[in-house]
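Novice: The sequence shown begins at 876 in the working numbering and counts up one residue at a time.
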Amino acid sequence: MPSKDLPTSLFQHLKGMRTIDQIMKSPSYKGGGVNYQDSVVIVTKGLKLEVVKNLPLYTVIDLSNNKFEGHITSVLGDLIAIRVLNLSHNELQGHIPPSLGSLSVVESLDLSFNHLSGEIPQQLASLTALEFLNLSHNYLQGCIPQGPQFRTFESNSYEGNDGLRGFPISKGCGNDPVSETNFTVSALADQERNSEFLNDFWKAVLMGYGSGLCIGLSIIYFMISTGNMKWLARIIEELEHKIIMRKRKKRQGQRNYRRRDNQSRQVINKDGFDFRTSGIQAKIYAHLF
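1. Taking buried to mean at least 16 other C-beta atoms within 10 Å of its own C-beta, is Ile947 buried or exposed?
2. With 16 as the cutoff for other CB atoms within 10 Å, does Pro882 come out buried or exposed?
3. Just to confirm, are Ser1168 and Asn1009 a CB contact at a threshold of 9 Å?
4. Around the Cβ of Gly969, are there at least 16 other Cβ atoms within 10 angstroms (buried) or fewer (exposed)?
5. Do Met1034 and Ser1001 have their C-beta atoms within less than 9 Å of each other?
6. Between Asn1013 and Gly993, what straight-line distance do the alpha-carbon atoms span, to the nearest angstrom?
7. Consider the C-beta atom of Asn941 and the heavy atoms of the ligand FMN; say whether any pair is separated by less than 8 Å.
8. Taking 9 Å as the cut-off, decide whether the C-beta atoms of Asp880 and Glu944 are in contact.
9. Looking at the secondary structure, which residues open and close the beta strand (DSSP E) in which Ser992 lies?
10. Measure the CB-CB distance between Ser977 and Glu1006 and report whether it falls below 9 Å.
11. Which whole-angstrom value is the C-beta distance of Asp985 and Leu962, which I expect to be below 8 Å?
12. Compute the beta-carbon to beta-carbon distance between Leu975 and Leu999, rounded to the nearest angstrom, for a pair I have assumed lies under 8 Å.
13. What's the C-alpha gap between Val950 and Val959?
14. Check Phe943 in the structure and name its three-state DSSP category.
15. Can you name, in chain order, every residue of its own chain whose Cβ lies under 7 Å from the Cβ of Gly907, other than the five neighbours on each side?
16. Where do the ends of the alpha helix (DSSP H) carrying Ser983 lie?
17. Considering just the uninterrupted stretch of the alpha helix (DSSP H) at Asp960, what are its terminal residues?
18. Assign Ser1030 to buried or exposed, taking buried as 16 or more other Cβ atoms, counted over all protein chains shown, within 10 Å of its Cβ.
19. Residue range of the beta strand (DSSP E) that Leu1015 falls in?
20. Name the two residues that bound the continuous alpha helix (DSSP H) containing Phe886.
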(Lines of atoms letter the chains of each structure in order from A and count residues from 1; the text may use other names and numbers.)
(Lines give C-alpha, C1' and ligand atoms only; values in the text may rest on other atoms or scores of the structure.)
Protein backbone atom coordinates (compact mmCIF):
# COMPACT_ATOMS: atom_id res chain seq x y z
CA MET A 1 0.00 0.00 0.00
CA PRO A 2 1.55 3.35 -1.01
CA SER A 3 2.41 5.83 1.72
CA LYS A 4 0.18 8.86 2.19
CA ASP A 5 2.89 10.94 3.84
CA LEU A 6 4.31 14.04 2.22
CA PRO A 7 7.16 13.11 -0.16
CA THR A 8 10.09 14.20 1.99
CA SER A 9 12.60 12.63 -0.39
CA LEU A 10 11.19 14.73 -3.22
CA PHE A 11 11.75 17.95 -1.29
CA GLN A 12 15.33 16.94 -0.59
CA HIS A 13 16.04 16.79 -4.32
CA LEU A 14 14.63 20.26 -5.10
CA LYS A 15 18.07 21.82 -5.08
CA GLY A 16 17.01 24.67 -7.33
CA MET A 17 14.84 26.05 -4.52
CA ARG A 18 17.60 26.06 -1.93
CA THR A 19 19.19 29.34 -3.03
CA ILE A 20 17.47 32.55 -3.96
CA ASP A 21 20.29 33.79 -6.23
CA GLN A 22 20.19 30.73 -8.44
CA ILE A 23 16.45 30.87 -8.93
CA MET A 24 16.61 34.52 -9.99
CA LYS A 25 19.12 33.84 -12.77
CA SER A 26 18.02 33.79 -16.38
CA PRO A 27 16.70 30.42 -17.61
CA SER A 28 19.35 28.15 -19.08
CA TYR A 29 17.08 26.87 -21.85
CA LYS A 30 17.13 29.99 -24.04
CA GLY A 31 18.01 29.48 -27.67
CA GLY A 32 17.67 31.12 -31.08
CA GLY A 33 16.68 34.45 -29.54
CA VAL A 34 13.40 32.95 -28.26
CA ASN A 35 12.58 32.77 -24.57
CA TYR A 36 10.72 29.68 -23.46
CA GLN A 37 7.49 30.53 -21.63
CA ASP A 38 4.76 28.42 -20.12
CA SER A 39 1.66 28.89 -18.00
CA VAL A 40 0.17 27.13 -15.02
CA VAL A 41 -2.90 27.66 -12.85
CA ILE A 42 -2.09 27.92 -9.15
CA VAL A 43 -3.95 28.89 -5.99
CA THR A 44 -2.06 31.68 -4.28
CA LYS A 45 -3.13 34.20 -1.65
CA GLY A 46 -6.56 32.64 -1.63
CA LEU A 47 -7.11 33.19 -5.35
CA LYS A 48 -6.86 30.94 -8.39
CA LEU A 49 -4.45 32.55 -10.84
CA GLU A 50 -2.88 31.64 -14.16
CA VAL A 51 0.82 32.40 -14.14
CA VAL A 52 2.26 33.09 -17.57
CA LYS A 53 5.97 33.80 -17.32
CA ASN A 54 9.35 32.18 -17.04
CA LEU A 55 8.23 29.69 -14.42
CA PRO A 56 11.62 29.15 -12.78
CA LEU A 57 11.36 32.76 -11.57
CA TYR A 58 8.19 31.97 -9.63
CA THR A 59 8.61 28.96 -7.35
CA VAL A 60 5.44 27.30 -6.10
CA ILE A 61 4.68 24.15 -4.14
CA ASP A 62 0.97 23.37 -4.27
CA LEU A 63 -0.01 19.99 -2.85
CA SER A 64 -3.49 21.03 -1.73
CA ASN A 65 -6.65 18.91 -1.92
CA ASN A 66 -4.90 15.59 -1.55
CA LYS A 67 -5.04 13.04 1.24
CA PHE A 68 -1.55 13.47 2.59
CA GLU A 69 -1.07 12.41 6.18
CA GLY A 70 1.75 12.54 8.66
CA HIS A 71 3.81 15.57 9.65
CA ILE A 72 5.00 18.58 7.69
CA THR A 73 8.67 17.92 7.12
CA SER A 74 11.19 20.46 8.36
CA VAL A 75 13.04 20.04 5.03
CA LEU A 76 10.61 22.58 3.55
CA GLY A 77 12.46 25.25 5.53
CA ASP A 78 15.53 24.64 3.36
CA LEU A 79 13.67 25.61 0.18
CA ILE A 80 14.18 29.31 0.81
CA ALA A 81 13.24 30.36 -2.73
CA ILE A 82 9.58 29.33 -2.33
CA ARG A 83 7.11 32.09 -3.12
CA VAL A 84 3.92 30.08 -2.56
CA LEU A 85 3.41 27.09 -0.27
CA ASN A 86 -0.05 25.51 -0.26
CA LEU A 87 -0.64 22.33 1.76
CA SER A 88 -4.30 23.00 2.54
CA HIS A 89 -7.16 20.48 2.55
CA ASN A 90 -5.11 17.46 3.54
CA GLU A 91 -4.94 15.34 6.68
CA LEU A 92 -1.61 16.56 8.00
CA GLN A 93 -0.94 16.25 11.73
CA GLY A 94 1.59 17.39 14.28
CA HIS A 95 3.14 20.80 14.75
CA ILE A 96 4.00 23.50 12.24
CA PRO A 97 7.80 23.20 11.84
CA PRO A 98 9.68 26.31 13.03
CA SER A 99 11.95 25.90 9.98
CA LEU A 100 9.23 27.54 7.85
CA GLY A 101 10.42 30.79 9.37
CA SER A 102 13.44 30.54 7.02
CA LEU A 103 11.27 31.06 3.92
CA SER A 104 12.28 34.70 3.68
CA VAL A 105 10.61 35.39 0.30
CA VAL A 106 7.41 33.40 0.77
CA GLU A 107 4.37 35.51 -0.08
CA SER A 108 1.56 33.01 0.46
CA LEU A 109 1.34 30.29 3.13
CA ASP A 110 -1.78 28.14 3.30
CA LEU A 111 -1.96 25.28 5.81
CA SER A 112 -5.72 25.41 6.37
CA PHE A 113 -8.09 22.46 6.76
CA ASN A 114 -5.66 19.97 8.26
CA HIS A 115 -5.23 18.46 11.72
CA LEU A 116 -2.27 20.54 12.84
CA SER A 117 -1.85 21.11 16.58
CA GLY A 118 0.39 22.94 19.02
CA GLU A 119 1.42 26.58 18.87
CA ILE A 120 2.17 28.77 15.86
CA PRO A 121 5.99 29.03 15.74
CA GLN A 122 7.29 32.44 16.74
CA GLN A 123 9.75 32.18 13.84
CA LEU A 124 6.91 32.86 11.38
CA ALA A 125 6.73 36.44 12.68
CA SER A 126 9.99 37.16 10.80
CA LEU A 127 8.40 36.49 7.38
CA THR A 128 8.29 40.11 6.22
CA ALA A 129 7.35 39.20 2.62
CA LEU A 130 4.27 37.24 3.71
CA GLU A 131 1.10 38.77 2.25
CA PHE A 132 -1.37 35.92 2.71
CA LEU A 133 -1.69 33.50 5.63
CA ASN A 134 -4.35 30.87 6.21
CA LEU A 135 -4.08 28.58 9.24
CA SER A 136 -7.81 28.16 9.72
CA HIS A 137 -9.61 24.97 10.70
CA ASN A 138 -6.86 23.16 12.54
CA TYR A 139 -6.29 22.45 16.23
CA LEU A 140 -3.76 25.17 16.96
CA GLN A 141 -3.51 26.80 20.38
CA GLY A 142 -1.54 29.37 22.34
CA CYS A 143 -0.64 32.95 21.52
CA ILE A 144 -0.58 34.23 17.95
CA PRO A 145 2.92 35.56 17.11
CA GLN A 146 3.19 39.30 16.65
CA GLY A 147 5.21 40.87 13.86
CA PRO A 148 4.99 43.40 11.03
CA GLN A 149 3.04 41.08 8.72
CA PHE A 150 1.00 39.31 11.38
CA ARG A 151 -0.53 42.68 12.28
CA THR A 152 -2.09 42.82 8.81
CA PHE A 153 -3.92 39.48 8.94
CA GLU A 154 -7.57 39.33 9.91
CA SER A 155 -9.31 36.89 12.22
CA ASN A 156 -10.41 34.62 9.35
CA SER A 157 -6.77 33.53 9.00
CA TYR A 158 -7.16 31.71 12.33
CA GLU A 159 -10.84 30.76 12.55
CA GLY A 160 -11.67 27.22 13.57
CA ASN A 161 -8.80 27.09 16.10
CA ASP A 162 -10.55 27.45 19.45
CA GLY A 163 -7.29 27.28 21.39
CA LEU A 164 -5.73 30.36 19.79
CA ARG A 165 -5.76 33.74 21.49
CA GLY A 166 -4.28 37.18 20.96
CA PHE A 167 -4.56 39.76 18.18
CA PRO A 168 -6.65 39.84 15.99
CA ILE A 169 -9.14 37.40 17.54
CA SER A 170 -11.28 38.40 20.46
CA LYS A 171 -9.61 36.34 23.18
CA GLY A 172 -6.84 38.07 25.10
CA CYS A 173 -3.25 36.91 25.42
CA GLY A 174 -0.97 37.90 28.28
CA ASN A 175 2.06 38.30 26.03
CA ASP A 176 0.22 40.50 23.55
CA PRO A 177 0.69 44.24 24.29
CA VAL A 178 -2.29 45.12 22.13
CA SER A 179 -4.52 42.76 24.05
CA GLU A 180 -3.21 44.16 27.31
CA THR A 181 -3.95 47.68 26.10
CA ASN A 182 -7.43 46.69 24.99
CA PHE A 183 -7.98 45.00 28.33
CA THR A 184 -6.83 48.12 30.19
CA VAL A 185 -9.10 50.37 28.13
CA SER A 186 -11.98 47.97 28.65
CA ALA A 187 -11.31 47.80 32.38
CA LEU A 188 -11.24 51.59 32.64
CA ALA A 189 -14.49 51.83 30.72
CA ASP A 190 -16.10 49.24 33.00
CA GLN A 191 -14.81 51.08 36.04
CA GLU A 192 -16.26 54.34 34.75
CA ARG A 193 -19.62 52.70 34.09
CA ASN A 194 -19.57 51.12 37.54
CA SER A 195 -18.76 54.48 39.11
CA GLU A 196 -21.68 56.13 37.31
CA PHE A 197 -23.93 53.29 38.40
CA LEU A 198 -22.79 53.63 42.02
CA ASN A 199 -23.60 57.33 41.97
CA ASP A 200 -27.10 56.60 40.70
CA PHE A 201 -27.40 53.83 43.27
CA TRP A 202 -26.56 56.14 46.18
CA LYS A 203 -28.95 58.78 44.87
CA ALA A 204 -31.71 56.19 44.95
CA VAL A 205 -30.77 55.23 48.51
CA LEU A 206 -30.71 58.83 49.71
CA MET A 207 -34.02 59.70 48.03
CA GLY A 208 -35.89 57.15 50.13
CA TYR A 209 -34.65 54.59 52.58
CA GLY A 210 -37.52 52.22 51.75
CA SER A 211 -37.10 52.15 47.98
CA GLY A 212 -33.33 52.49 48.26
CA LEU A 213 -33.15 49.49 50.55
CA CYS A 214 -35.17 47.35 48.12
CA ILE A 215 -32.93 48.38 45.22
CA GLY A 216 -29.80 47.74 47.26
CA LEU A 217 -30.90 44.28 48.35
CA SER A 218 -31.83 43.36 44.78
CA ILE A 219 -28.43 44.46 43.46
CA ILE A 220 -26.56 42.65 46.24
CA TYR A 221 -28.49 39.44 45.49
CA PHE A 222 -27.66 39.80 41.77
CA MET A 223 -23.95 40.28 42.42
CA ILE A 224 -23.76 37.31 44.80
CA SER A 225 -25.59 35.06 42.34
CA THR A 226 -23.26 36.09 39.48
CA GLY A 227 -20.11 35.76 41.60
CA ASN A 228 -19.14 39.45 41.27
CA MET A 229 -17.83 39.67 44.84
CA LYS A 230 -15.18 42.31 44.11
CA TRP A 231 -17.83 44.77 43.02
CA LEU A 232 -19.91 43.95 46.11
CA ALA A 233 -16.88 44.61 48.33
CA ARG A 234 -16.38 47.93 46.57
CA ILE A 235 -20.01 48.93 47.19
CA ILE A 236 -19.64 48.07 50.89
CA GLU A 237 -16.49 50.20 51.09
CA GLU A 238 -18.29 53.06 49.34
CA LEU A 239 -21.21 52.73 51.76
CA GLU A 240 -18.90 52.74 54.76
CA HIS A 241 -17.09 55.80 53.44
CA LYS A 242 -20.33 57.70 52.81
CA ILE A 243 -21.68 56.86 56.28
CA ILE A 244 -18.48 58.10 57.92
CA MET A 245 -18.52 61.31 55.86
CA ARG A 246 -22.19 61.95 56.69
CA LYS A 247 -21.45 61.50 60.40
CA ARG A 248 -18.51 63.89 60.18
CA LYS A 249 -20.62 66.50 58.40
CA LYS A 250 -23.35 66.09 61.01
CA ARG A 251 -20.90 66.54 63.89
CA GLN A 252 -19.31 69.53 62.18
CA GLY A 253 -22.75 71.06 61.67
CA GLN A 254 -23.61 70.59 65.34
CA ARG A 255 -20.34 72.22 66.39
CA ASN A 256 -20.96 75.19 64.11
CA TYR A 257 -24.51 75.55 65.46
CA ARG A 258 -23.30 75.57 69.08
CA ARG A 259 -20.61 78.09 68.19
CA ARG A 260 -23.13 80.44 66.54
CA ASP A 261 -25.60 79.98 69.42
CA ASN A 262 -22.96 80.87 72.00
CA GLN A 263 -22.05 83.96 70.01
CA SER A 264 -25.69 85.04 69.72
CA ARG A 265 -26.16 84.72 73.48
CA GLN A 266 -23.42 87.29 74.02
CA VAL A 267 -25.38 90.03 72.25
CA ILE A 268 -25.50 93.08 74.56
CA ASN A 269 -27.85 96.05 74.17
CA LYS A 270 -26.74 99.63 74.48
CA ASP A 271 -27.68 99.71 78.22
CA GLY A 272 -25.50 96.67 78.94
CA PHE A 273 -28.25 94.06 79.37
CA ASP A 274 -27.70 90.48 78.14
CA PHE A 275 -30.73 89.25 76.25
CA ARG A 276 -29.46 85.59 76.23
CA THR A 277 -31.75 84.75 73.39
CA SER A 278 -31.50 83.14 69.96
CA GLY A 279 -29.67 84.65 67.06
CA ILE A 280 -32.88 85.53 65.19
CA GLN A 281 -34.42 87.29 68.21
CA ALA A 282 -31.15 89.14 68.83
CA LYS A 283 -31.34 90.61 65.34
CA ILE A 284 -34.94 91.76 65.96
CA TYR A 285 -34.00 93.50 69.24
CA ALA A 286 -31.03 95.10 67.55
CA HIS A 287 -33.38 96.77 65.08
CA LEU A 288 -35.67 97.97 67.86
CA PHE A 289 -32.95 99.86 69.73
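We put the beta carbon where it would ideally sit given N, CA and C, even for glycine.
Specialist: In terms of the structure at hand:
1. It is buried - the Cβ of Ile947 has at least 16 other Cβ atoms within 10 Å.
2. exposed
3. Lying outside 876 to 1164, the shown extent of the chain, residue 1168 is not represented and no answer is given.
4. When all chains shown are included, Gly969 counts as exposed.
5. In the sequence as displayed, the identity of residue 1034 is Glu instead of Met. No, they are not a contact pair.
6. 10 Å
7. Here there are no bound small molecules, and the ligand FMN is not part of this structure.
8. yes
9. 990-993
10. no
11. 7 Å
12. 6 Å
13. If I take the Cα positions, the gap works out to 16 Å.
14. coil
15. Note that Gly907 has pLDDT 45, beneath the 50 cutoff, so the model's placement of it is unreliable and no number is given.
16. Segment 983-985 is the beta strand (DSSP E) holding Ser983; no alpha helix (DSSP H) there.
17. Checking the sequence shown, residue 960 turns out to be Leu, not Asp. First-last for Leu960: 959-961, but that is the beta strand (DSSP E), not the alpha helix (DSSP H).
18. The residue is exposed, with fewer than 16 neighbouring Cβ atoms inside 10 Å.
19. Residues 1014-1018.
20. 883-887
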